[in-house]
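Residue numbers (our numbering): 104 to 684.
Idealized CB from N, CA, C, for every residue including glycine.
All remarks here apply to the structure that follows.
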Amino acid sequence: MAGSRFAEAEVRPDVGSDVGAHGGADSASGAGTDVGSSIRPPTAEEQQALNALAQFLATPPVGTPPEVLRVLTLMAGDPGAPLPPRVYFETVEQAPVAISITDDKADILYVNAAFEQLTGYSRDQLIGRNQSILSSNATPSSIYQQLWRTIQSKNTWKGILVNRTRDGGDYLAELIISPVLDAGGRIRFFLGMHRDVTREHRLEADLRAQKIRSEAVLNAAPVLVALLNAEGRVVLDNMEYKKLLGDLRGEEPVAELRRALIEQAGFDPLERVLHGDGFKDVEISLMLPGSSAPRWFSCSGVAVNESDASVRGYFGAADEGEHRLLLLANDVTARRREIDRAHLEHLRARLAEQQLSEGVREALAAASYQIEQPLNLIRAATTMFGDRDGEMGLFIEQLRQISAASERALATLHAALPNEAPEAGVMVNINELLRHVLELETDRLLAAGVVIDWQPAMQLPELSGHRNQLRSLFKYLIDNALQALHESRCAQRELRLATRTLDDSVEVVIQDNGPGLPAADRLKAFEPFFVGWRRRRGRAGMGLALAQEIVNQHGGTIEIDDAFQDGCRIKLVLSHAPSQE
């Protein structure tokens with residue numbers, strides 16, 4: 104059966120593959136093999152026979168059967184026809200595409216010169232042989248079976264087979280096989296045309312391999328990568344992008360990063376790239392759903408100009424390509440946290456040093472003030488009884504010695520006062536300073552089990568002030584509240600902080616649910632050396648006194664709210680303060 108000839112991979116399946124081997128055309132630009140030069144012109148004998156045939160047809164003998172005349176006319180060509188049969192034959196013979204004609208059993212009847220050149224077989228080696236001569240075991244038998252079913256059903260088959268040349272080399276053949284029917288509609292021949300597409304296959308395979316390698320590199324990169332078109336749509340991304348997409352719960356990372364760059368860096372990355380400019384290492388933060396802390400990204404953008412892919416640009420006269428944005432975002436959250444942690448440690452050390460210095464200075468100043476009072480009495484007594492003799496004179500001399508010693512001690516205390524380094528006045532945000540202090544106190548607050556109720560105003564005016572002094576102010580007050588909560592021994596420890604705007608000033612409220620202060624002590628609490636704690640040991644009583652001093656320097660007020668009875672509520676109002684000279 105003829106079908107079995109195509110179904111067998113070793114015998115007939117290669118009929119389709121052999122019917123159409125690629126001939127000449129190498130590329131779409133017009134380069135091709137010189138097939139026509141290999142076609143010989145008619146020999147002298149052949150030309151003589153053609154001339155004789157033409158003369159015979161010009162004056163045929165009387166009685167020549169019409170059927171014979173028709174056959175001879177077809178052989179020699181009708182002078183009245185637009186193209187004689189010889190031209191058709193020469194066209195097929197010299198065609199740059201490999202062409203073969205087989206009978207209905209796939210035995211080769213004709214091949215053109217391009218077929219010979221492609222397969223390496225001569226015409227004499229192919230005529231009468233079955234197409235399976237070009238068979239390669241690399242083509243699955245199912246392909247041949249499908250090919251045979253198609254052409255046996257009088258349909259054209261088009262596909263790719265692996266063929267083998269005479270020297271044993273394999274090549275990919277793109278085939279078109281069509282059945283040729285007689286007047287009765289029966290299959291008489293098969294016409295096959297095919298071309299070598301091995302080079303195209305290799306290019307496509309290289310392109311696929313390059314794509315796989317590029318995707319592997321992109322997905323292995325620890326940096327978010329996204330390529331955006333001019334409309335801002337993502338045309339390429341990597342695994343880090345998809346991870347962030349999951350963290351954002353379906354929100355496009357590109358939209359969030361673009362919004363953050365506009366709000367925090369002050370420019371639209373897409374608009375910048377459309378002008379041909381890029382950017383590098385711009386840090387922005389994103390608040391992810393369900394996260395208590397922001398994620399930080401270092402963003403860079405590169406302008407990519409893709410070439411024009413339209414048909415009109417094939418020969419190089421292309422229009423200007425589309426600008427695209429290659430966006431890179433490196434997650435630097437861990438580094439920022441380390442920087443913030445180091446900054447907090449540095450800030451904690453500076454505040455501790457500043458508080459120690461201020462405490463010593465305030466304590467010495469207060470001690471000097473305390474010494475001044477009895478010393479003034481001694482001075483007055485010495486002056487009053489300075490002219491007496493006898494025992495009183497001896498007493499007065501002793502008073503003079505005590506006064507002189509006190510003067511020296513007082514001078515020593517004044518000399519021991521630490522120098523106060525001047526701090527320049529800058530514009531400060533009270534909410535930001537309070538947040539810094541809360542971060543410094545986080546460990547103590549957690550260890551004490553304190554619940555923080557932090558209610559900052561959404562917008563506060565910036566004030567001119569001394570940043571370090573204000574941090575110290577808030578730390579004194581929060582430390583004071585923590586000590587009160589510690590002494591209260593209550594199960595639910597709460598600390599509330601709130602800010603609000605008062606004209607061009609800012610009010611800060613720090614409230615705790617500790618034992619509070621008796622009404623009689625609410626003014627004394629701001630005096631030096633006042634200690635209202637049950638455990639007085641180790642307490643200098645200088646915290647609120649120093650807080651009062653800082654508030655005064657910032658043109659503000661501080662008070663303990665008499666109306667609040669469920670603990671202690673301290674209200675302070677801060678306004679602009681000049682820089683210290």
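Distance, residue j Cα to residue i Cα
i, j, result
"E318", "L330", "13 angstroms"
"Q255", "P282", "8 angstroms"
"D210", "G295", "12 angstroms"
"R336", "P392", "23 angstroms"
"A594", "G552", "9 angstroms"
"A198", "F218", "10 angstroms"
"E597", "L321", "50 angstroms"
"S509", "A584", "38 angstroms"
"S244", "Q234", "15 angstroms"
"M530", "L563", "12 angstroms"
"R269", "L237", "8 angstroms"
"D556", "A445", "26 angstroms"
"I581", "V612", "11 angstroms"
"V300", "T162", "52 angstroms"
"K257", "A312", "39 angstroms"
"K345", "Y579", "47 angstroms"
"V554", "H378", "51 angstroms"
"L373", "P325", "23 angstroms"
"L576", "A601", "15 angstroms"
"H679", "A507", "44 angstroms"
"A628", "E610", "20 angstroms"
"A396", "S388", "10 angstroms"
"L605", "A560", "11 angstroms"
"D285", "H304", "37 angstroms"
"S567", "R603", "17 angstroms"
"D624", "V540", "27 angstroms"
"D669", "Q651", "23 angstroms"
"G381", "E354", "25 angstroms"
"E500", "A483", "13 angstroms"
"N616", "L588", "7 angstroms"
Beta-carbon gap between residue i and residue j smaller than 7 angstroms
i, j, result
"E386", "S401", "yes"
"V265", "A241", "yes"
"L431", "S403", "yes"
"L677", "L543", "no"
"V654", "L626", "no"
"T205", "L212", "yes"
"H297", "A216", "no"
"E565", "N532", "yes"
"V376", "A406", "yes"
"P618", "S591", "yes"
"N332", "R427", "yes"
"I263", "L275", "yes"
"S239", "R267", "yes"
"I280", "F293", "yes"
"I290", "D207", "yes"
Endpoints, beta strand (DSSP E) assigned at residue i
i, result
"S202", "Residue identity differs from the one stated: residue 202 is Ile in this sequence, not Ser. Its beta strand (DSSP E) spans residues 201–206."
"I230", "Neither: I230 is in no beta strand (DSSP E) and is coded neither H nor E."
"R551", "Reading off the sequence shown, one finds Ala at residue 551, where the question assumed Arg. Looking at the DSSP string, A551 is not in any beta strand (DSSP E); the run it does join, the alpha helix (DSSP H), is 545–551."
"Q656", "Run containing Q656: none in the beta strand (DSSP E); it sits in the alpha helix (DSSP H), 646–656."
"S317", "Not the beta strand (DSSP E): S317 falls in the alpha helix (DSSP H), residues 301–323."
"A406", "398–408"
"V531", "529–531"
"Q595", "No beta strand (DSSP E) holds Q595; DSSP gives it neither H nor E."
"G262", "260–267"
"D236", "One point to set straight first is that residue 236 is Ile, not Asp, in the sequence displayed. Where I236 is concerned, there is no enclosing beta strand (DSSP E), given that its DSSP letter is neither H nor E."
Proximal residues to residue i (C-beta, below 6 angstroms), its chain only, five neighbours per side dropped
i, result
"R672", "Q614, D664"
"T436", "R398, W399"
"G646", "Y579, N583"
"T660", "V676"
Span of the alpha helix (DSSP H), counted from its first residue to its last, around residue i
i, result
"Q249", "244–255"
"P559", "That residue, P559, is in no alpha helix (DSSP H); it is neither H nor E in DSSP."
"E359", "356–363"
"A623", "Run containing A623: none; DSSP gives neither H nor E here."
"R352", "Per DSSP, R352 belongs to no alpha helix (DSSP H) and is neither H nor E."
"D582", "570–591"
"E219", "216–222"
"P372", "372–377"
Neighbourhood of residue i by C-beta distance below 7 angstroms, restricted to the same chain and skipping five residues each side
i, result
"D350", "L391"
"W260", "G119, L250, T253, I254, I280"
Beta-carbon proximity list for residue i, same chain, < 8 angstroms, skipping 5 on both sides
i, result
"L573", "V531, I533, L536, I653, H657, L677"
"I505", "I481"
"I230", "I211, L212, Y213, V214"
| task | Evaluate contact between the stretch 356–364 and the stretch 436–450, counting only Cβ atoms and requiring at least three cross-stretch pairs below 8 angstroms. | result | Contact check between the stretch 356–364 and the stretch 436–450: fewer than three CB pairs, one atom from each, fall below 8 angstroms, which does not count as touching.
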